[in-house]
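Down below is the structure, laid out as structure tokens.
There are 2 protein chains.
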Amino acid sequence: MSQQNGFHVAVVGATGAVGQQMIQTLVNENFPIKKLTLLSSARSAGKVVNVNGQEITVQEAKPESFEGVDIALFSAGGSVSKELAPEAVKRGAVVVDNTSAFRMDENTPLVVPEVNETDLHEHNGVIANPNCSTIQMVVALEPIRKKYGLKKVIVSTYQAVSGAGAAAVEELMDQTKAIINKEEFEANILPVGSDKKHYQIAFNAIPQIDKFQDNGFTFEEMKMINETKKIMHLPELQVAATCVRLPVAVGHSESVYFEVEQEGVTASEIKALLKDAPGVVLQDDPDNQVYPMPADCVGKNDVFVGRIRKDLDEELGFHMWVVSDNLLKGAAWNSVQIAERLVELGIVKSK
Amino acid sequence: MSQQNGFHVAVVGATGAVGQQMIQTLVNENFPIKKLTLLSSARSAGKVVNVNGQEITVQEAKPESFEGVDIALFSAGGSVSKELAPEAVKRGAVVVDNTSAFRMDENTPLVVPEVNETDLHEHNGVIANPNCSTIQMVVALEPIRKKYGLKKVIVSTYQAVSGAGAAAVEELMDQTKAIINKEEFEANILPVGSDKKHYQIAFNAIPQIDKFQDNGFTFEEMKMINETKKIMHLPELQVAATCVRLPVAVGHSESVYFEVEQEGVTASEIKALLKDAPGVVLQDDPDNQVYPMPADCVGKNDVFVGRIRKDLDEELGFHMWVVSDNLLKGAAWNSVQIAERLVELGIVKSK
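Chains L and D are the protein sequences, given in the same order. With the first letter of the first sequence counted as 1, position 283 gets the number 283 in UniProt numbering; the numbers rise by one all the way through. With the first letter of the second sequence counted as 1, position 117 gets the number 117 in UniProt numbering; the numbers rise by one all the way through.
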């Protein structure tokens, strides 16, 4: 945990679902840490977190908390990032922000290392970590874009409740128990904690993630659309998304239709390409019923891809099924991976 | 139950999930029945079913069971239909078959009354009831096709386990209980009872419904593709499907992308059209978080449509979310509705 040549790392939102995964991922990856500062809201401050055998007390996040910090991983909501990320940057830290606060800011790189790590060089103190559902899709699409070009993407998602936080997972489990025991239950969180109405998620599917925009798409859908174009540097790419919440605790799935630019590409060629693609595990053997499923991806950093097949009508069209642990590649692992690349590329140096 | 001017109706597969719903729907719809014969496999024969206060003993289905029958509703698997539907027809019955046995037979009409009831006149003894996931989609698409034309459909489904029978619902519930109680469990039925491997469905999503075909699509996906073209009389329509099983007991949902032929159509026009469409209930008010969900559709005959919005790039493209009770409009209600239309159009007359 304490390496002399390491970095002073801060985790903001250390008691949340993603914050906890960030800490665990830093440990698992053996990230070179000189000092680890755990920060949270005043409400959670004082909690003691066991990090690889060492007890660390969580402190309230304040501007001065970032003195001496080299890398700050933020995952405590957009308003906290908007307020404190500039304070961290002012004190010399590089911020990796897992909220939507800076993602579409044109001076902030939005990075998935397998896709656009060279954008890290353009940072102005903050690097944004994309939305969970965007990350796993672009990891699968990038090798295809690189070799065959990419014209169009239409995605329908099957998203786990942990994307809405630990309380949403608890709500799913409580409602499930109540239904099985034939007891009354309430819906208080999903689909969106801050929206007006809440609906049953147990044994249901809710076609709303985040709030609705004026154009009829939800904010989650617009994140997938806009972030994909930005990360892949394809402003002209046609992207459409429908985002749906499922009674699954962890693991997002996506049914992705895409059109390439090059004619004559076969499904076998796409499979061969993804078999060796960074961050991708190909699970595609219909004869043996091999395809990715959320229950199998939990705790793994990879993006799992299967069900690759050519559209029966559209010469340039293909379908695939993409699954990943939304708390890892979709959040904690992508953030820590960005921190790793910042170190390895010499963009962040220990103070 | 016993109407002098009514019909002698037989239900084949009377003890199954859909058979039970067929009986209930005949009662609810006050279908003019002179005599009701309940048939099943030898295994289930002898069971007594209470039909609107009257006890009826289930008999083993044999060729001679259909003597005097006017209308036979089949839902006991494709092999039973292949064997016994011709026997029923030979004895003067009109068969409404809810299996895939005759759906793609060119001499058998495949009917969703809201879409192509005039095809009923072309029957040769058997009328096929389409696949559940196809029915609800074409009910929503037909009014759009009629007014604006239809070029292309890409659908991703979110299907309930009851589509795989009552035992699959039991498996979902048993696995859910086991996971909540942290007990061991087995997977024995889903995704496909007769396939080699079985996977956990509780808190999971399985991208396989029915067996895989050589082209990488599942049979369920090919049913949606081929049946949609046949029912809508659009052999040139581009249709693609990805079918996914969810931990939901009853109620299929579908994320449908479609392209119309006419330029300049707005989402408001599509909504206005579907508001008054037969068999459709529009639930589309994003400002008030109104959209269809499987938990709300159970026990209702309608097809619920919401989340209608124009694609942001494709001038002819739209998205919508379609939900229906897969045991009712997807199976029992569509079959009984066909029987009602056969009577009302004078195609079947009581013997």
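The beta-carbon is built from N, C-alpha and C at its ideal position, and this holds for glycine as well.
- Interface criterion met: the Cβ of A249/L is under 8 Å from a Cβ in chain D.
- Inter-residue distance for I201/L and F203/D is about 11 Å (C-alpha atoms, whole angstroms).
- According to DSSP, residue pairing for E254/L in a beta bridge involves T157/L, V322/L.
- When DSSP states are grouped into helix, strand and coil, H8/L belongs to the strand group.
- With a contact defined as Cβ atoms closer than 8 Å, E60/D and S75/D miss out at about 16 Å.
- Between M293/L and chain D, the shortest Cβ-Cβ separation is below 8 Å.
- Taken atom to atom, the span from the alpha-carbon of N301/D to that of I308/D is near 21 Å.
- Under the Cβ criterion (8 Å, minimum of three pairs), the stretch 178 to 187 of chain L does not count as touching the stretch 125 to 145 of chain L.
- The Cβ atoms of V250/D and N129/D lie no closer than 8 Å to each other.
- Between R341/L and V96/L, the alpha-carbon positions lie close to 12 Å from each other.
- Assigned with DSSP and collapsed to three states, V336/L falls in helix.
- Only those residues of the stretch 303 to 321 of chain D whose C-beta falls short of 8 Å from the nearest C-beta of chain L are listed: G306, R307, I308, R309, K310, D311, L312, D313, E314, G317, H319, W321.
- Interface flag for K223/D against chain L is unset, since no Cβ pair is found closer than 8 Å.
- Within chain D, the residues I180 have their CB atoms less than 8 Å from the CB of M173/L, given in chain order.
- Contact between the stretch 75 to 87 of chain L and the stretch 187 to 196 of chain L is absent: fewer than 3 CB-CB pairs across the two stretches fall below 8 Å.
- Taking CB atoms only, D195/L has a neighbour in chain D less than 8 Å away.
- Straight across, the Cα-Cα distance linking L26/L with F258/L is about 34 Å.
- In this structure, the beta-carbon distance from V18/D to N98/D falls below 8 Å.
- Using beta-carbon distances, T15/D does not count as an interface residue toward chain L, since no partner is under 8 Å.
- DSSP, reduced to helix, strand and coil, places A202/D outside both helices and strands of the structure shown, so it counts as coil.
- C-alpha of G149/D to C-alpha of E269/D: approximately 14 Å in a straight line.
- In this chain, the beta strand (DSSP E) harbouring R309/L covers 303 to 310.
- Classified as buried, H319/L has 16 or more neighbouring CB atoms from the shown chains inside 10 Å of its CB.
- Annotation note: the UniProt domain "Semialdehyde dehydrogenase NAD-binding" (8 to 123) of chain D contains the following uninterrupted beta strand (DSSP E) runs of length 3 or greater, listed N- to C-terminal: 33 to 40, 48 to 51, 54 to 57, 71 to 74, 94 to 97.
- Of the residues assessed, G346/L falls on the exposed side of the cut-off, its CB having fewer than 16 other CB atoms within 10 angstroms.
- Within the stretch 130 to 157 of chain L, the residues whose Cβ lies closer than 7 Å to any Cβ of chain D are, in chain order, I154, S156.
- Residue environment analysis places R43/L among the exposed positions, since fewer than 16 neighbouring C-beta atoms fall within 10 angstroms of its C-beta.
- Taking a C-beta distance under 8 Å as the contact criterion, V126/D and I338/D do not qualify as a contact pair.
- With contacts defined by Cβ atoms closer than 8 Å, F66/L and S81/L do not form a contacting pair.
- By the criterion of a C-beta distance shorter than 7 Å, D311/D is surrounded in its chain by G317, F318, H319, once the five residues flanking it on both sides are discounted.
- Spanning the alpha carbons of E184/D and Y199/D requires a straight line of approximately 14 Å.
- In the three-state DSSP reduction, E259/D falls in the strand class (E or B).
- For A241/L, the closest C-alpha among the options K229/L, I231/L, M224/L, S253/L is that of M224/L.
- Ranked by Cα distance from V9/D, the first of D284/D, V94/D, E106/D, T57/D is V94/D.
- Taking the CA atoms as reference points, R245/L sits about 16 Å from V322/L.
- DSSP places V343/L within a helical segment (H, G or I) once states are collapsed to three.
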